[in-house]
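Chemist:
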Amino acid sequence: MSWLDDTDDLDDEFEDYDESTIRTRPNPKANRPRTKRRPAHEDAEVGRVLGVDRGRYSVLVGEDTPDERAITTTRARELRRMPIVTGDQARVVGDTSGDEGTLARIIGIVERTSLLRRSADDTDQVERVIVANADQMLVVVAAADPEPRARLVDRYLVAALDAGIRPLLVVTKTDIADPTEFLTHFDGLDLRVFTSAQDEMPVDEIGAALVGHSTVFVGHSGVGKSTLVNALVPTAGRATGHVNQVTGRGRHTSSSTVSLRYQGAGGTGWVIDTPGVRSFGLGHVDPANILAAFTELAEIAENCPRGCTHLADAPDCALIEAADRGELGETGRARLDSLQRLLQTFADKAEQAPGR
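Numbering (my numbering), first residue to last: 989 to 1344.
#1: Report yes or no: do the region 1212-1230 and the region 1166-1175 share at least 3 C-beta pairs separated by less than 8 Å?
#2: Taking C-beta to C-beta, are residue 1209 and residue 1264 nearer than 7 Å?
#3: Measure the beta-carbon distance from residue 1079 to residue 1094 and round it to whole angstroms, keeping in mind my assumption that it falls under 8 Å.
#4: Pull up the distance between the alpha-carbon of residue 1324 and that of residue 1141, whole angstroms please.
#5: With a floor of 3 residues, list each beta strand (DSSP E) that falls wholly inside the region 1125-1182, ordered by position along the chain.
#6: Assuming residue 1298 and residue 1115 form a contact by the criterion Cβ under 8 Å, report the distance between their Cβ atoms to the nearest whole angstrom.
#7: Determine the extent of the beta strand (DSSP E) in which residue 1051 is found, giving its start and end residues.
#8: Could you check what DSSP says for residue 1041 in three-state terms: helix, strand or coil?
#9: Would you identify the three-state DSSP class for residue 1287, choosing helix, strand or coil?
#10: Taking 8 Å as the limit between beta carbons, can you name the residues of its chain near residue 1330, skipping five residues before and five after?
#11: At the level of alpha carbons, what is the spacing between residue 1119 and residue 1316?
#12: With DSSP as the reference, label residue 1251 as helix, strand or coil.
#13: Go ahead and pull the three-state DSSP assignment for residue 1282.
#14: Where does residue 1312 fall in DSSP's three states?
#15: Going by beta carbon distance, what residues of the same chain come within less than 6 Å of residue 1194, once the five residues before and after it are set aside?
#16: Just to confirm, are residue 1072 and residue 1065 a CB contact at a threshold of 7 Å?
#17: Taking the straight line between their C-alpha atoms, what separation do you get for residue 1248 and residue 1260?
#18: In angstroms with no decimal places, state the Cα-to-Cα distance between residue 1275 and residue 1152.
#19: For residue 1212, count the other beta carbons within 10 Å of its own beta carbon; 16 or more makes it buried, fewer makes it exposed. Which is it?
#20: What does the Cβ neighbour count give for residue 1186, buried or exposed, with the cut at 16 atoms within 10 Å?
#21: So, are the CB atoms of residue 1128 and residue 1075 less than 7 Å apart?
#22: Quick check on the burial criterion: 16 or more other C-beta atoms within 10 angstroms. Buried or exposed for residue 1106?
#23: From this set, 1335, 1087, 1328, 1334, which residue's C-alpha is nearest residue 1176's C-alpha?
#24: Among 1205, 1161, 1309, which residue has its Cα nearest to the Cα of residue 1124?
#25: Run the CB neighbour count on residue 1326, radius 10 Å, all protein chains shown included, and call it buried at 16 or more, exposed below.
#26: Under the DSSP definition of a beta bridge, which residues are partnered with residue 1104?
#27: Which residues in the same chain as residue 1179 place their Cβ atom closer than 8 Å to its Cβ, once the five residues preceding and following it in sequence are excluded?
#28: Looking at the unbroken beta strand (DSSP E) that takes in residue 1060, where does it start and where does it end?
#29: Check residue 1047 in the structure and name its three-state DSSP category.
#30: Flag this pair as yes or no: are the beta carbons of residue 1167 and residue 1131 separated by less than 7 Å?
#31: When you compare the CB positions of residue 1122 and residue 1202, do they come within less than 7 Å of one another, or not?
#32: What is the DSSP secondary structure of residue 1194, reduced to helix, strand or coil?
#33: Rounded to whole angstroms, what's the CA-CA distance from residue 1139 to residue 1245? Just pull it up for me.
#34: Check for me: the beta strand (DSSP E) holding residue 1217 runs from which residue to which?
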């Protein structure tokens, strides 16, 4: 007898384990695939991002209405790669009552009107977004203690012009040192300057310039920026520090960027206080935006050869030729000097790039 004759009996023995009736799904996770379509969230409210703290965003909704309130939000999962910063106009859904313990969700950002950015250094092309939708930048610098750094102020100005933001300048501690020589560095720039002393802080004058605007405050650590913010917004409670007598450097006191409402006799505005920085990289800046800020010079520069740097040693530069012919006048010449100084700051950045 052959063992092959027993095959029928074996089939009968294992017929209870037949898997032909098992229903399988094509998706190995045994669930329906995610759709790429997202809800329109037509009921979303739009609010101003006031600050960010450990993944939670404080958002002001109903701004300037009787129903104005601050709510706590988180970001939707699909926005995890998008930087959401102070000053953004965010679309929020969920529990927007603002009651204690509630948490709403940011599902989108309204198109920004401006974006102030910096890089870690001049060779770093990765930008760090500081604030959104600001239309003014108030650069705070001390006349002494710590000593003013004109090149750092230049970098602030370049970043502001690149973002399309109007720059302002306030010099503090003028009771310690005379800032006149330092301020000559900025002759020719369309730059409004305020001076401030310990007993003569021009709060009303600066406040009037803030009305109707969203103004970002920037400055080196220890220059008195937080003190100025507290004077303008008494409820701010921003920490203030001192300057190290050995190193001459200020201590970082503000650790986060926050929007504060300014309220003065002439109206309201927004003060955006930022942490003090000792460097301001320009790895992201487009030099064409610097020239565009000097409107009358940009028109003359249209006659320059392609690729002209507009620097003092640039051959056949229409700006330099116009200055030599006396066509710019004293004011125009000063503005050209300021433009060349800012462009030189950018050119120095390019020289430091890898491979140069």
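The beta-carbon is built from N, C-alpha and C at its ideal position, and this holds for glycine as well.
Modeler: Looking at the atomic coordinates:
#1: no
#2: yes
#3: 7 Å
#4: 18 Å
#5: 1154-1160
#6: So it is not a contact: roughly 25 Å between Cβ atoms.
#7: Here residue 1051 belongs to no beta strand (DSSP E), and DSSP marks it neither H nor E.
#8: strand
#9: helix
#10: These residues qualify, in order along the chain: 1142, 1145, 1146, 1149, 1278.
#11: 36 Å
#12: strand
#13: coil
#14: helix
#15: 1182
#16: No, the pair does not count as a contact, with Cβ atoms beyond the cut-off.
#17: Answer to the nearest angstrom: the Cα atoms are 6 Å apart.
#18: 13 Å
#19: buried
#20: exposed
#21: no
#22: Buried, since its Cβ has 16 or more Cβ neighbours within 10 Å.
#23: Among 1335, 1087, 1328, 1334, the Cα nearest to that of residue 1176 belongs to 1328.
#24: Residue 1205 is the option with its Cα nearest to residue 1124.
#25: buried
#26: According to DSSP, which records beta bridges pairwise, residue 1104 is partnered with 1119.
#27: Non-local C-beta neighbours of residue 1179 in its own chain, meaning closer than 8 Å and more than five positions away in sequence, comprise 1145, 1155, 1156, 1157, ordered along the chain.
#28: 1057-1063
#29: strand
#30: yes
#31: Cβ distance < 7 Å, so residue 1122 and residue 1202 count as in contact.
#32: helix
#33: 23 Å
#34: Looking at the DSSP string, residue 1217 is not in any beta strand (DSSP E); the run it does join, the alpha helix (DSSP H), is 1213-1220.
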